[in-house]
Every structure is written in structure tokens, then in C-alpha cells.
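Numbering-wise, numbering that gives the first Met the number 0 puts 82 at position 83 of the sequence shown, and it's gapless, one number per residue.
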Amino acid sequence: MIRKSEVTLHCHTKKTTISYELPADQQEFTSLPQDLIKRDAGNPEKHLVVIRARGEVAGFFELDESSDRKRCSDNPKALLLRGYSVNPKFQGRGIATGSLDALPAFMKEEFTEFNEVVLGVNARNSAAQNLYKKVGFEDTGRRIMGPKGEQLVMCLKVKE
């Protein structure tokens with residue numbers, strides 16, 4: 000098991016290579032990091048975030064400030080979390096919990112103008128829903144349709 004203190008978040012740079020495959024049951028609900036990087040690197044509204052554990056790349060997600068976030072929140076200070084994944088070689092070792100626990104402090108340091116993180120999680124993805132609830136995300140009651148069906152909108156307030 001990896002301690003929460005050993006999990007850190009970093010803004011992606013071109014020096015960081017991220018490439019891993021996910022099991023089919025996970026890939027159904029998220030994008031691969033390498034695909035998101037290829038699509039969104041260089042877009043000033045898309046912030047690519049690397050999860051590290053003990054110095055190694057352990058996962059990835061994106062914080063999106065584009066108009067897409069308006070589907071999930073009316074808060075102009077919200078960022079949309081998307082494409083969240085943990086490298087399979089690190090799964091089951093506390094990376095997901097550690098990285099999401101580190102998110103509020105990371106937001107306060109890197110994205111000071113934002114005070115909320117929102118996300119859409121597939122209604123069929125109970126494992127992800129449970130993870131997000133465990134680290135403090137709340138179901139907003141809002142529902143949206145995603146490419147794979149209904150999504151529950153969840154939010155995490157970032158205390159100022």
C-alpha cells in the first residue's frame with residue numbers, strides 16, 4: 000500500500016511520458032491519458048494533471064475550464080474533472096484515494112481562481128461513484144447524458 004503522503008499531483012509537461020492501457024471495463028468509462036494529451040495539450044482551457052507515487056507516473060486526469068463545465072455546474076469558478084485514471088500497475092494501492100485527497104490543496108496552489116471541482120460519473124460505474132463519495136464529492140442531483148449513458152454530476156467544494 001502506498002501512503003497518501005507519497006501521492007502527489009503535478010501539471011503535465013512535455014517532458015513527462017504517459018502511456019498505459021486500461022482494462023476494457025474501465026476504458027468504457029474514461030479516456031486513455033495518451034489520447035487526452037494528444038487531443039488537449041496546448042489548449043489553454045485544458046489542464047493536464049499527472050498523478051505521481053514514489054516518483055513514478057501512477058495516473059492522470061484533466062481539469063477543464065472550457066464551456067463543457069457548464070453542463071455540470073452554474074458556478075463560473077468550477078473546473079470539470081475528466082479522463083481520470085490510475086495506471087493498472089498501481090491500482091489497488093491507494094493511489095486513487097491519495098490523488099483525490101490531494102486535489103483541494105493542488106487546486107489552492109495551482110488554480111487559485113477556482114473553488115469547486117465537478118465531474119460526471121456514469122450511473123453504471125458504482126466503483127467510481129463510491130471512490131468520489133469517499134473523498135468528499137457530493138451528488139448534486141443533476142443528471143446529464145454522456146456518450147455512454149446517464150451520468151451523475153458530483154462536486155467537491157474547495158475551501159478558500
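For every residue, glycine included, the Cβ atom is placed at its ideal position computed from N, Cα and C.
Given the structure is predicted, the values throughout are model-derived calculations rather than measurements.
Option nearest residue i by Cα separation, candidates the options
| i | options | result |
| --- | --- | --- |
| Glu115 | Arg51, Ala127, Ser72, Gly140 | Ser72 |
| Thr65 | Leu78, Gln26, Lys133, Asn74 | Looking at the sequence provided, one finds Ser at residue 65 rather than Thr. Comparing Cα-Cα distances from Ser65 to each of Leu78, Gln26, Lys133, Asn74, the minimum goes to Leu78. |
| Asp34 | Phe28, His46, Pro43, Ile17 | Ile17 |
| Gly82 | Lys14, Ala95, Lys156 | Ala95 |
| Glu20 | Ala101, Thr12, Thr29, Ala122 | Thr29 |
| Thr7 | Ala57, Gln25, Pro32 | Ala57 |
| Gly148 | Lys13, Glu27, Thr12 | Glu27 |
| Gln90 | His11, Gln25, Lys156 | Gln25 |
| Ile36 | Ala122, Phe59, Asn124, Lys76 | Phe59 |
| Leu102 | Pro32, Val48, Thr12 | Val48 |
Own chain, CB closer than 7 Å to residue i, minus 5 neighbours either side, in chain order
| i | result |
| --- | --- |
| Gly140 | none |
| Ser4 | none |
| Arg53 | Ile1, Glu5 |
| Val120 | Ala127, Gln128, Tyr131, Gln150, Leu151, Met153 |
| Lys133 | Thr96 |
| Arg68 | Ala77, Leu78, Leu79, Val117 |
Buried or exposed (CB count within 10 angstroms, at least 16 for buried), residue i
| i | result |
| --- | --- |
| Glu61 | buried |
| Ile143 | exposed |
| Pro87 | exposed |
| Gly41 | exposed |
| Arg123 | exposed |
Contact set for residue i: own chain, Cβ-Cβ below 6 Å, skip 5 residues either direction
| i | result |
| --- | --- |
| Asp39 | Lys45 |
| Asp100 | Lys3, Val134 |
Worksheet item: If you scan the segment 24-69 from start to end, which runs of the beta strand (DSSP E) of 3 or more residues do you find wholly inside it?
Response: Counting only runs of 3 or more, we get 45-52, 55-63.
Discussion item. At 3 residues or longer, what runs of the beta strand (DSSP E) sit wholly inside the segment 102-127?
Written reply: Taking 3 residues as the minimum length, the beta strand (DSSP E) runs contained wholly in the segment 102-127 are 115-121, in order along the chain.
Item to complete: Count the C-beta pairs between the segment 106-114 and the segment 136-151 that are closer than 8 Å, then say yes if the count reaches three, no if not.
Response: Counting Cβ pairs under 8 Å, fewer than three are found: no touch.
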